[in-house]
Structures are given as structure tokens and as C-alpha cells.
Amino acid sequence: MKSLPSKKPCHAPQTVVQPDKEALIKRLNRIEGQVRGVNKMISEDRYCVDILNQVSALQSALDAVAMLLLENHTHGCMQGAIKSGQGDEAIDELMAVVRKFAR
16 MKSLPSKKPC HAPQTVVQPD KEALIKRLNR IEGQVRGVNK MISEDRYCVD
66 ILNQVSALQS ALDAVAMLLL ENHTHGCMQG AIKSGQGDEA IDELMAVVRK
116 FAR
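Quick note, in the numbering used here, the sequence shown goes up one by one and the last residue is 118.
Have a look at this one:
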């Protein structure tokens, strides 16, 4: 997988702290535990439908993380970019990411 160049957290000149950082980390820790659970289910040859239900729950949990990040980015980073005259660039960048989720 090709790594992308490192970027500052947002378009704003100062570093912006993710307002829901703790909530995001808690959600991701929970997701990590769910992934381990699915791994164990597969190792134990559990019923496929039960595993698929857990995978579906994982996808929903990841979608919730993505939506929270998107909301924070829109309210924080996007507003800062628009105010600093970099709105078009920020919108293009955001739309490229949104298109990935729409696939």
C-alpha cells in the first residue's frame, strides 16, 4: 500500500485538536475488540451467519467513526479553510474522500 505524504491536521494555520478524540479512541478500541472477536469466531469455525452479523456490526461501527470525523472536519477544518481563502482546495479534498465512501 502506497503511503501518502504527511499533512497537517487541517487547512487552518494552527493545529486543530480533534474535539471528540476520546470518543473516537473509545470507539476504535471497541472496534478492535470486535475484530479480535470475529477472528476468534473464525478460528473456532463458528456459524457463518453469526460471523457475518458481527462483520456487519463492525462495518456500522466504522461508518459511525467516519461520520464523526467528517462532522468534526466540516465544522472545524472546513470552516477554517473557507475563512482563510482555501475553501475550494478543502472542498476538493473532502469530496475526494467522500467519493471513496460512496463506492
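The beta-carbon is built from N, C-alpha and C at its ideal position, and this holds for glycine as well.
Rounded separation between residue i and residue j - CA only
i	j	result
Val53	Gln74	12 Å
Ile40	Gly100	32 Å
Met93	Gly102	7 Å
Ser58	Ile46	18 Å
Where residue i falls: helix, strand or coil (DSSP)
i	result
Gln33	coil
Asp65	helix
Asp107	helix
Arg118	coil
Ser75	helix
Glu47	helix
Ser58	helix
Ser18	Bear in mind that a pLDDT of 43 at Ser18, under 50, signals an unreliable position, so the number given afterwards is only what the model happens to contain. Ser18 falls in the coil class under three-state DSSP.
Gly95	helix
Proximal residues to residue i (C-beta, below 7 Å), its chain only, five neighbours per side dropped
i	result
Val70	Val53
Ile66	Val53, Met56, Ile57
Buried or exposed by the 16-neighbour rule on C-beta atoms within 10 Å, applied to residue i
i	result
Ala79	exposed
Ala96	buried
Ala105	buried
Asn87	buried
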